[in-house]
Structure formats: structure tokens, C-alpha cells
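For what it's worth, the numbering used here labels the leading residue of the sequence shown as 714, then goes sequentially.
Positions of the beta carbon are idealized from the N, C-alpha and C atoms, including for glycine.
No experiment lies behind these values; they were computed from the predicted model shown.
In what follows, a single structure is set out as C-alpha cells and then discussed.
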Amino acid sequence: MANILKTFFTNCAHPRGRMGRVMLRFMNFGHAPLTNWGLSLLSFQDQMTMLDIGCGGGATLQRLLKRSKDAKVYGIDISEESVAKAKKINAEALDKQVFVTQGSAEKLPYDDGMFDVITAVETVYFWPNLPHCLKEVRRVLKPGGRFAIMIEVLDSDSVWTNVVEGMTAYSPDELQKMLNEAGFIQIELHSKKPSYATIIGVNA
Ligand SMILES: C[S@@+](CC[C@H](N)C(=O)[O-])C[C@H]1O[C@@H](n2cnc3c(N)ncnc32)[C@H](O)[C@@H]1O
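Here it is as C-alpha cells:
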């Protein structure tokens, strides 16, 4: 039983197969409160170009699209299953306003300075070499563009890090330091009960 649960929760890191599809459905609504709060801390204008890294089942892409008229919203995820689900739930806008690609935060397949806003919801825990990934995020952000990390697992010894293989939890202070070292400026830390945190950095 413990093994089945562990396998199920490991789908948070990389959704695969049937269990992965169940997890994606769960995360699309389960992460709504954190995501909606985190997005409320950013300001949006019309015609923005935005990216959600580790887009999972694609609900954040829909939420971003609603906040900016005539926007273009890109999603990238390492998991084939996530990409399929994100494309499915964004079918109407797909390849017109929403573009979903399989790939990793380590090597983003986008031009320099392409995005106004980049989000990462409940995903930085799984990125290998986070300092390198943060530099890659900066590369594809416009000067003055904003990057928002939204997390709810803050403790490296939490129930989640013990159950999800390959998961590293970072405190908001650690993330602030890493963003600073990657060259982000005007870094803001926001928190909300139960354990939500949003860390926003501006590209210099
Ligand atoms: C816990 S889920 C969160 C999904 C979505 N952001 C949400 O809030 O529902 C983490 C996602 O990050 C993706 N992921 C893990 N490592 C990644 C990487 N190196 N690059 C891009 N995506 C990654 C996983 O495949 C998974 O879909």
C-alpha cells in the first residue's frame, strides 16, 4: 500500500500513464487557490506574451489567458502526459493563443527576451540545477519582465518531500537568494495561510 501511494505521488514530479492522468486532473483544481492568489499579485496588460513552466495539466495557461486580452500564452512541461492534458483542456485556443511544448526548464526552446511574465506553479521542487534554470528563465524574459514562483511546500523535511521522489523543498528565503544570485532585482516575498508563498523577481 505504501509503495502504491509513493508511486502515485511520484507522479507530481513527472506525470506518467493512468496515475499521471489522475494526478493532473487533481492538480488542475487542487492548485487553483494557490495559483489564483499568486496571479493576483502580478499586474497584467493586454497583448502580453507569457510562459508557464512545468505547466502540468494546463489550468494555469487558461488562468493566464483570462488576465490579458489578446495574449499569447506558452506552456512547457517535461512530461508527455502533462503536455497532452494541457493541449486537451486548451484545445479551443491551441496554436492560436496557447502553445504547448514538451521540454525542460534547463533548456527553454524560446528566443531571448520573449516573455513579459513567466510563472512556475508547484514545480521548482523538481528542476535539476535550479540556479542554472533561473538563469535560463532570465534569458527568455524581457528586461523588466516578471517571474513568479508559487509554492506551498516550504520545508525540506515535510510529508511531501519524504513521499515524492526527487523533490527538493526550498524556503522563500532560499529562493529569494537564488533569484538574487541569478540577477533578478526587486524581489518580493508574499505569503498566505496555510503555507502558500509567491516569490516574484524582475529581470534587470
Ligand atoms: C506538481 S506538478 C505542477 C503542475 C502545474 N504547474 C500545476 O500547478 O498544476 C509539477 C510539474 O512540473 C513538471 N516538471 C518537472 N520537472 C520539470 C522540468 N525540469 N522542466 C519542466 N517541467 C518539469 C512535471 O512534469 C509536472 O507536470
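Under a 10 Å Cβ-count criterion, S753 is classified as exposed, with fewer than 16 other Cβ atoms of the shown protein chains found around its own Cβ.
For the alpha helix (DSSP H) assignment, the uninterrupted runs of no fewer than 4 residues enclosed by the region 786-811 are, from N- to C-terminal side, 793-802. The three-state reading of DSSP puts V872 in helix, counting H, G and I together. For N741, the closest alpha carbon among the candidates F828, I802, L755 and P822 is that of I802.
At least one heavy atom of ligand 1 is found less than 6 Å from the C-beta of S792. With a threshold of 6 Å, the Cβ atom of T881 does not count as near ligand 1, since no heavy atom of the ligand is closer than that. Comparing C-alpha distances from N749 to each of K855, A917, N916 and T911 shows the shortest one belongs to T911. Here the region 807-816 makes no contact with the region 850-862; the two share fewer than three CB pairs at distances below 8 Å. About 6 Å separates the CB atoms of L737 and G769; that is less than 8 Å, so the two are in contact.
Cβ-Cβ distances below 6 Å link S904 to A910 in the same chain, with the five nearest sequence neighbours on each side left out; the list follows chain order. Looking at the DSSP output, H903 shares a beta bridge with T911.
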